[in-house]
Structures are given as C-alpha cells and as structure tokens.
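A.B. asks: Numbering (my numbering), first residue to last: 1405 to 1608.
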Amino acid sequence: MKTVVRLALAVGILQIVTIMPAHADKDSLAGRWHLAFYGKCVITPANRRACSDLQSPAEFAVFDVPGSTLIVAGSGDYFANAKGEFTVSFVNTIIESTPHGRKPLHCSNALVFEGTFTGTCVQHGFGHGHIGKGHATMNDFIEDDASGWWEGTPPSRFLEVGTVDTNNPACPGVFDTTRFMATFGYKVVPKGVSARLVLVHHRA
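#1: Can you tell me which of 1432, 1542, 1564 puts its alpha carbon nearest to the alpha carbon of residue 1484?
#2: Could you check where the alpha helix (DSSP H) with residue 1479 kicks off and where it finishes?
#3: Would you tell me roughly how many angstroms separate the C-alpha atoms of residue 1530 and residue 1562, rounded to the nearest one?
#4: Assuming residue 1520 and residue 1502 make a contact with CB atoms under 8 Å, what is their CB distance in whole Å?
#5: Could you have a look at residue 1607 and say whether DSSP puts it in helix, strand or coil?
#6: For the pair the stretch 1584-1596 and the stretch 1546-1565, tell me if three or more CB-CB distances fall below 8 Å.
#7: Could you tell me if residue 1463 is buried or exposed, where buried requires 16 or more neighbouring beta carbons within 10 angstroms of its beta carbon?
#8: Once the 5 residues before and after residue 1522 are set aside, which same chain residues still bring their CB inside 7 Å of it?
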C-alpha cells in the first residue's frame, strides 16, 4: 500500500503493545486482517531519514522540502489463506502542506510521489501478495501487485507489478511511534515524527 503507500487511520495512543510471535504457525495466517495506519512528519533536515523510513517503501519529493508537513492515513483489509497468500483492498489519504504549495489540480502517482503540493489526494486500490519475513524480526505483508486509482475527474489509474515489502507488520496489536520506529532500528525517534499502526486479525 505504498504505491505502496503504507495504510492507516487511527487515533489515540496505547502504551501497552500486544504482538503475536514473529513466526506464527501457518494455520494462524488464514482469515481477515484489518490494518489501520497513521504517519505524520513535520519535515526538517534532522528527521528526513526517519520520515523516509516511516513511509517506506514509498518515497515522496516533499521529504526534501524542510518546513513541509506530510500525513499519510489509510486502511486495508487483507484476506489470507493458510499459506499467507492474500488479496487486499485499501484506501490511502495523503495530506501535504508545503511552503508556497498549490492545491492539486489532478492527483496522480507523478504528483504525489514526484511533486509537491498543498492539499489532499485520495487513493483506492486492490492487490495480491503474501505474508513473509519482513524488514524486522517479524512477518510483514509482502505485495506482489497492486492497481487502482486516485480520486479526480477523470480518475488517475495506477498499476504496479513486482514484489515489495510494505513494511507493515503482520503481527496483531498496536504500534505507537516508539514501537513502530523501533522496527527500523530507532532507539530515539527524531522530533516531528509520529505514527500509529493497529492490526486486528479475525481468524478463519
């Protein structure tokens, strides 16, 4: 979900995090997984790398514009079999504010990832993939393909083919900023970076 934008919607922060073992047995992978994610960066030279890691594997041109703000909020529903193979539907909302930025006239992959703006773009998509060893010590949702559109008149379509680690952990629980950024190796999170990820697994 990051084309692959990482998905998310969330509020509040829980200080207690419950996580399943990183290598759960295969039968435990089946069912519906609901993911909600929220990530915000008030961009400075000091937190540029952390902001990039937070939103990886997507890369935004706005990361190179200090004083800008980027918010990515989204949600996704994964339907997996016992092997961890899944289909997913997702919605992402990208809110960007840059100095002297203009309202987006037509949202697209090119504008959102390669350009800068001040306003909101909304992405809808579907995809396929599998649950497997990810960037940290736990399983992630690995995307194999995704397609969809950005809201607009007319909608801007996108298609992505190729295996990409979304960096979204396939471990039910709540990740606040500290816990989520720790999966990228951060012991101290730079100022201006905040995140929250919630994953609920309804077993088949």
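Just so you know, even glycine gets a beta-carbon here, dropped at the ideal spot from N, CA and C.
Predicted model, so just to flag it, every value in this text is computed and none were measured.
C.D. replies: On the basis of the coordinates in this document:
#1: 1432
#2: Taken as a continuous stretch (DSSP letters only), residue 1479 belongs to no alpha helix (DSSP H), being part of the beta strand (DSSP E) at 1473-1484.
#3: 11 Å
#4: 5 Å
#5: strand
#6: no
#7: exposed
#8: 1500, 1501, 1502, 1505, 1506, 1507
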